[in-house]
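In the working numbering, the protein residues as written are 23 to 208.
Beta carbons are placed, not taken as given, at the ideal position from N, Cα and C, and that holds for glycine.
Here the structure comes first, spelled out in structure tokens, and everything after it is commentary.
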Amino acid sequence: MSLQAVLDGMEEKMMKTLEVVHHEFSTVRTGKASTSLVENIPVEAYGAHMRLREVAGISTPEPRLIVIQPWDATLVQAIAHAIQKSELGINPVVDGKLIRIPIPQLDQERRKELDKVCKKLAEDGRIAIRNERRHGIEAAKKLQKDGKITEDELKHAEKQIQQKTDDYIKEIDTTLAHKEKEILAV
Numbered sequence: 023m024s025l026q027a028v029l030d031g032m033e034e035k036m037m038k039t040l041e042v043v044h045h046e047f048s049t050v051r052t053g054k055a056s057t058s059l060v061e062n063i064p065v066e067a068y069g070a071h072m073r074l075r076e077v078a079g080i081s082t083p084e085p086r087l088i089v090i091q092p093w094d095a096t097l098v099q100a101i102a103h104a105i106q107k108s109e110l111g112i113n114p115v116v117d118g119k120l121i122r123i124p125i126p127q128l129d130q131e132r133r134k135e136l137d138k139v140c141k142k143l144a145e146d147g148r149i150a151i152r153n154e155r156r157h158g159i160e161a162a163k164k165l166q167k168d169g170k171i172t173e174d175e176l177k178h179a180e181k182q183i184q185q186k187t188d189d190y191i192k193e194i195d196t197t198l199a200h201k202e203k204e205i206l207a208v
């Protein structure tokens, strides 16, 4: 394995970690309607579990309203039930072939709870990034020990690895700050 392969593999894993953090943040409810809030809710449909986005159209016609239009009208009740079972604390309103989900204002206590959840998600992401840094440095040291790279190349690789780590952690921190602002805005 070459040093470049080690660096590329490490960066790919860091990128995936960042994508996971972004996805997790998108599922945290804010006071604003967002399709990402409900699109991955599992729905019992056609004898299998499917994601809501696979069985219905989801839109946000107003800042505090999500509208779900099932492609098969027989799934309306199953979708409404799945939303109620989710831990989002939102109540769907069945309106014929549509499901409307009004998004209530968050109280200050709930905002603080969601802020803690986001901080935990960000910290988990930072830990995963640091673990990848550790694996990358260990792999580079092994290459140097095996005589495949020089000590100067190792030092340069360690600097590159640290720079990538700092960049990805900064991105997580920026995303966290944006999400906190969104949650705590009244």
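Is the region 141 to 154 touching the region 117 to 132, taking contact as three or more C-beta pairs under 8 Å?
-> No contact exists between the region 141 to 154 and the region 117 to 132.
Can you tell which of GLU160, ARG155, THR197 has the C-alpha that lies nearest to the C-alpha of ASP137?
-> Nearest of GLU160, ARG155, THR197 to ASP137, Cα basis: THR197.
Assigned secondary structure, ARG86 (DSSP; H/G/I helix, E/B strand, else coil) | coil
What's the gap between the Cα of ALA207 and the Cα of GLU180?
-> 40 Å
What's the call for ALA27, buried or exposed, on a 16-neighbour Cβ count within 10 Å?
-> exposed
In or out: ILE125 buried (at least 16 other Cβ within 10 Å) or exposed?
-> buried
Say yes only if the C-beta of GLU180 is nearer than 7 Å to one or more non-hydrogen atoms of the ligand HEM, and no if none qualify.
-> As presented, the structure is devoid of all ligands, the ligand HEM included, so that no description of it is given.
Roughly how many whole angstroms lie between the Cα atoms of ILE63 and ARG73?
-> 6 Å
Can you tell me the Cα-Cα spacing of SER56 and THR82, whole angstroms?
-> 7 Å
Hey, is the region 88 to 108 in contact with the region 152 to 166, meaning 3+ C-beta pairs nearer than 8 Å?
-> Under the three-pair Cβ rule at 8 Å, the region 88 to 108 does not count as touching the region 152 to 166.
Determine the closest residue to GLU204 out of VAL42, ARG51, LYS38, with distance taken between C-alpha atoms.
-> For GLU204, the nearest C-alpha among the options comes from ARG51.
Of all the options HIS45, GLY53, TRP93, ALA199, which has the alpha carbon lying nearest to the alpha carbon of GLU84?
-> The residue among HIS45, GLY53, TRP93, ALA199 with its C-alpha nearest the C-alpha of GLU84 is GLY53.
Identify which residue in ILE159, TYR190, ASP189 has its Cα closest to the Cα of GLU175.
-> ILE159
Around the C-beta of MET23, are 16 or more other C-beta atoms found within 10 angstroms, so that it is buried, or is it exposed?
-> exposed
For MET23, the three-state DSSP class (helix, strand or coil) | In this structure, DSSP gives MET23 a state outside helix and strand, which the three-state scheme calls coil.
Whole-angstrom distance between MET32 and HIS157, CA atom to CA atom = 8 Å
Helix, strand or coil at VAL50 [DSSP, three-state] = coil
Can THR39 and ALA161 be called in contact, C-beta distance under 8 Å?
-> No, the pair does not count as a contact, with Cβ atoms beyond the cut-off.
Status (buried if at least 16 other CB within 10 Å, exposed otherwise) for ARG155 | buried
When the Cα atoms are used, what is the spatial distance from ILE121 to LEU25?
-> 54 Å
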